[in-house]
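Shown next, in structure tokens, is the structure this report addresses.
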Amino acid sequence: MASFLKTAEAAVGAVGTAALPSVPTERVTIPVTGMTCAACQSFIQRTLAEHTGVQDATVNLMLNNATITFDPKATSTSALVESIRHTGYGAEMPALDESVLEAQEKHDEEQLHEYKQLRLKAAVSLVAGSVAMVLSMPLMRMDSAEGMERMRDPLMSWNMRVLDPVLRKVLPWMYEVSDNAIRWFLFALAAFIIGWAGRRFYVKAWSALLHKTADMNTLVALGTGAAFPYSAASTIAPGFFVAHGIAPDVYFEAGMLIIGLVLIGNTLESRAKGQTAAALRKLVQLQPKTATVLRDGVESKVSLESIGEGDVILVRPGERIPTDGEVVSGKSSVDESMLTGESLPIEKATRDRVMGGTLNQHGSLQYRATSLGAGSTLAQIVRLLRDAQGSRAPIQRIADRISAIFVPTVLGIAIVTFFVWRHFAPDVGVMQAFAAAVTVLVIACPCAMGLAVPTAVMVATGRGATFGILIKGGEALQRLEKIDTIVLDKTGTITAGRPQVTDVLLAGSESNSAAEDQMIRIAAALERASEHPLAEAVVRYAHERGLSLTQPEAFESLTGLGVVGMINGDVTLIGNAALMRKYSIASEALQAAALRLSEAGKTPLWIAVNGALEGMIAVADTVKPTSVQAIRQMHAEGLRVVMLTGDNDRTAGAIARMVGVDEVVAGVLPAGKVDSVKRLQAEGHVVAMVGDGVNDAPALAQADVGLTMANGADIAMEAGDVTLMRNDLIGVPMSIALSRGTMRVMRQNLFWAFVYNVIGIPLAAGALYPVFGLLLSPVLASAAMALSSFSVVMNSLRLHRLKLT
1 MASFLKTAEA AVGAVGTAAL PSVPTERVTI PVTGMTCAAC QSFIQRTLAE HTGVQDATVN
61 LMLNNATITF DPKATSTSAL VESIRHTGYG AEMPALDESV LEAQEKHDEE QLHEYKQLRL
121 KAAVSLVAGS VAMVLSMPLM RMDSAEGMER MRDPLMSWNM RVLDPVLRKV LPWMYEVSDN
181 AIRWFLFALA AFIIGWAGRR FYVKAWSALL HKTADMNTLV ALGTGAAFPY SAASTIAPGF
241 FVAHGIAPDV YFEAGMLIIG LVLIGNTLES RAKGQTAAAL RKLVQLQPKT ATVLRDGVES
301 KVSLESIGEG DVILVRPGER IPTDGEVVSG KSSVDESMLT GESLPIEKAT RDRVMGGTLN
361 QHGSLQYRAT SLGAGSTLAQ IVRLLRDAQG SRAPIQRIAD RISAIFVPTV LGIAIVTFFV
421 WRHFAPDVGV MQAFAAAVTV LVIACPCAMG LAVPTAVMVA TGRGATFGIL IKGGEALQRL
481 EKIDTIVLDK TGTITAGRPQ VTDVLLAGSE SNSAAEDQMI RIAAALERAS EHPLAEAVVR
541 YAHERGLSLT QPEAFESLTG LGVVGMINGD VTLIGNAALM RKYSIASEAL QAAALRLSEA
601 GKTPLWIAVN GALEGMIAVA DTVKPTSVQA IRQMHAEGLR VVMLTGDNDR TAGAIARMVG
661 VDEVVAGVLP AGKVDSVKRL QAEGHVVAMV GDGVNDAPAL AQADVGLTMA NGADIAMEAG
721 DVTLMRNDLI GVPMSIALSR GTMRVMRQNL FWAFVYNVIG IPLAAGALYP VFGLLLSPVL
781 ASAAMALSSF SVVMNSLRLH RLKLT
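For what it's worth, the UniProt record's numbering labels the leading residue of the sequence shown as 1, then goes sequentially.
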């Protein structure tokens, strides 16, 4: 199974895609209605891809939408909507003022409504079909040729052997009703079921015919509708059939049962599809509808839409935090597990950031609202998850190619089946040839092929989100499976990213408190203009010592070296040893101390004023508690782990020994990190880069997969393919395990969807009849068809239980 699918994947991947021109583009997601199978999805997707100005189009059967990247100079959203409508499917302009949370709520409501409608129609159709089958028993004529043909149907054979004797005893009156009355009742019942429950199949099949295409509705419409005209004619003019030596048999029950069973499959599929979006639904439900706002010291309950940026919001114990913000007073612990996957509550106090949708536990908090609406963390996560679930994994191309020719091929096989039966088995009669062709039509299932990949993507991305792993889409999910080398940034990735000052050393004089304070004051005054974690540690240390800081008159950051500037008219340098060498600063006095500090895993910051070395501040960044465990898990998965850092060899080596990485590349600038990733790729490795999403952006982009560590509420989703909300390395092996488990399920889905049709269609055509005398009933074939797509969705739902740790 695996080898077959991997060969197919390689064949598809070898085709490649042409490079797109670098032009300004827009991206829009358009709601699409009327899709029922992979053939529908594939047809709309091909139509959009051929539309002028469209650079990429992904149609999602699960979410019922089309995501299109296009050149706004060449086309427009309204033109794309019309292009979809021209295919015969429904489309509407996306609501511009609709938030992502509102869009998801609307989608969930529509899906629930569809499920209830399908369930009702399926139940009524099956009851009607069962009644029709019972009422058809008196119409059987075993002494007629047509009656003998029906006996070859295994379902009818069972009915005559088992059910008929029982009915004759229990309902003897039924056998006394005239055949004509029974036929007319069945005709009316079948017309109602076809016109009400089955209408969707015939309308969509007709629309597909008008647009010179075919889909699952075509197969169902032909399979269920083929016997109706014949049965209707037998009912309306039975004398004509008798005059020509043909028994006026009717087959109304078969059409009704087939419609019922297909609708049962659609119902089960709809319900299972709803379960695949469970993670999204839970996220949407996290946001409260109202908030308690403090305005002029007065509490008031307002809707979320009424909150403005800067409003102070009061959150009591047990309440959910309505929006993102910064705590201005109070102290509490907040459960953020629903967004980050972090199981332990996080302590919050003044100046800490809080995220909307999280649960306040013990104390009361007052916080100032910052990010609202689409800018909130919750809204960004929902948007990212919706985009991911609407994306397409490369392996989907296999299903797309098969789906493009699937329905026409099945129609051809059905026609050939009819003529083969008539030519090679003329003695069994025309109705058996007709039944075999109908069975081929109703057993074929393009739905399973179309659902195989997107259902797995939806469940997997939702499963990842519950652990704080936000995967951008199917392509990133598939690439993750092939990763064999993990490249880790050090600061903020392996380490906590919140360094502390550990040592202060002066050059050329004995250490004293006043001199230390003066040097720290100068260093902090310059570093306050920098956003680097080491700079923040120095500034924080100065504040802790109660030192007042001046503003620098000039400031410049030198990437990978440090900072230079002017403090009180003095030229000041703060950075690494390379910075001292660049400006020819004599540093011999502290070389031994720097070596000792580096070997202890501390980072020495050299400080020079007006060309003379003033001293050194040592900063240590502690290793995150989970880093050792995470790297151990990476090794267990067979991954090679490389650490990249701008620190010197000794500091980097000390950290590497603590966590157990395989290789260390130290003293590299951001461009050097890119080169290191390229080197590993040139050696044949498939590389994942893990960084903070800002300084490491070039390396994240170069890697085969970029994993971004979230920074508080800033999820930095644009920097990488995967965002780790927990901000620790445990998410890396979990992401790999999720990818490998998901790809395994995708291949299983595709394999069984393919094998189902490869085995089922020949059986339906009568492949076993010449040797074993076995035939497949159209009704049983429709049941098998219904279960095939349902089984694919249920197999994908197993990912909800996939063990990631």
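Think of the CB as a built atom: it goes at the ideal place given N, C-alpha and C, for glycine as much as any other residue. On a predicted model such as this, the values are computed, not experimentally measured, just so you know.
Determine the burial state of residue i: buried for a count of at least 16 other Cβ atoms within 10 Å of its Cβ, exposed for fewer.
i           : result
Glu305      : exposed
Trp173      : exposed
Glu175      : The sequence as given places Tyr at residue 175; Glu does not occur at that position. Exposed.
Tyr583      : exposed
Glu269      : buried
Met142      : With a pLDDT of 44 at Met142, under the threshold of 50, the predicted position of this residue should be treated as unreliable, though the coordinate-derived value follows. Looking at its Cβ environment, which holds fewer than 16 other Cβ atoms inside 10 Å, Met142 is exposed.
Pro229      : exposed
Pro322      : buried
Asp296      : exposed
Phe790      : buried
Val538      : buried
Lys204      : buried
Glu527      : buried
Gln591      : exposed
Gln45       : buried
residue 886 : Missing from the structure shown is residue 886; the chain here goes from 1 to 805 and no further.
Could you spell out where the alpha helix (DSSP H) holding residue i opens and where it closes?
i      : result
Met794 : Pro778 to Leu797
Pro454 : Pro446 to Thr466
Glu516 : Ser513 to Glu527
Ser403 : Gln396 to Phe424
Tyr230 : Ala227 to Ile236
Gln591 : Gln591 to Glu599
Ala369 : From DSSP, Ala369 is part of no alpha helix (DSSP H) but of the beta strand (DSSP E) over Leu365 to Ala369.
Ala214 : From DSSP, Ala214 is part of no alpha helix (DSSP H); its letter is neither H nor E.
Glu544 : Pro533 to Glu544
Thr439 : Val430 to Ile443
Leu470 : Taken as a continuous stretch (DSSP letters only), Leu470 belongs to no alpha helix (DSSP H), being part of the beta strand (DSSP E) at Ile469 to Ile471.
Between which two residues does the beta strand (DSSP E) harbouring residue i extend?
i           : result
Asp570      : Asp570 to Gly575
Ile486      : Thr485 to Asp489
Gly330      : Gly325 to Gly330
Gly653      : Run containing Gly653: none in the beta strand (DSSP E); it sits in the alpha helix (DSSP H), Asp649 to Val659.
Gly53       : Unbroken run through Gly53: none, as it is neither H nor E.
residue 878 : Shown here, the chain extends from 1 to 805; a query on residue 878 therefore has no answer.
Leu503      : Sequence inspection shows Asp at residue 503; the Leu mentioned does not correspond to that position. From DSSP, the beta strand (DSSP E) with Asp503 extends over Gln500 to Leu506.
Ala291      : Thr290 to Arg295
Lys301      : Val298 to Ser303
Arg640      : Arg640 to Leu644
Ala66       : Asn65 to Phe70
Between residue i and the rest of its own chain, which residues show a CB-CB distance below 6 Å, the 5 nearest in sequence each way excluded?
i      : result
Ala388 : Thr461, Ile471, Lys472 and Gly473
Leu294 : Val312 and Leu314
Leu20  : Note on Leu20: pLDDT 40, under 50, position unreliable in the model; the coordinate value appears next. Gln55, listed in sequence order.
Ala349 : Lys331
Val571 : Asn610
With DSSP run on the structure shown, which of helix, strand or coil describes residue i?
i      : result
Gly766 : coil
Tyr251 : coil
Asn360 : strand
Gly88  : coil
Asp692 : coil
Ser557 : strand
Pro138 : helix
Ile307 : coil
Lys803 : coil
Lys116 : helix
Got a sec? Which residues, its chain only, sit under 7 Å from residue i by beta carbon, not counting five neighbours each side?
i      : result
Leu804 : Phe467, Met734, Ala737 and Leu738
Pro345 : Ser333, Val334, Asp335 and Gln361
Gly492 : Pro533, Asp692 and Met709
Val664 : Met643, Ala652, Gly653 and Ala656
Gly325 : Ile313, Val354, Tyr367, Arg368, Ala369 and Thr370
Arg740 : Glu481
Skipping 5 residues on each side, what residues in its chain have a beta carbon closer than 8 Å to that of residue i?
i      : result
Val81  : Ile30, Ala91, Glu92 and Met93
Glu614 : Leu506, Ala507, Met519, Ile522, Ile607 and Ala608
Notebook entry, point to check: Curious, which full-length alpha helix (DSSP H) runs of at least 4 residues does the region 607-631 contain?
Noted result: Counting only runs that start and end inside the region 607-631, there is no alpha helix (DSSP H) element of at least 4 residues.
Check: Where in the region 154-203 do unbroken runs of the alpha helix (DSSP H), each at least 4 residues long, occur, reported from the N-terminal end onward?
Finding: The qualifying runs are 154-158, 164-170 and 179-196.
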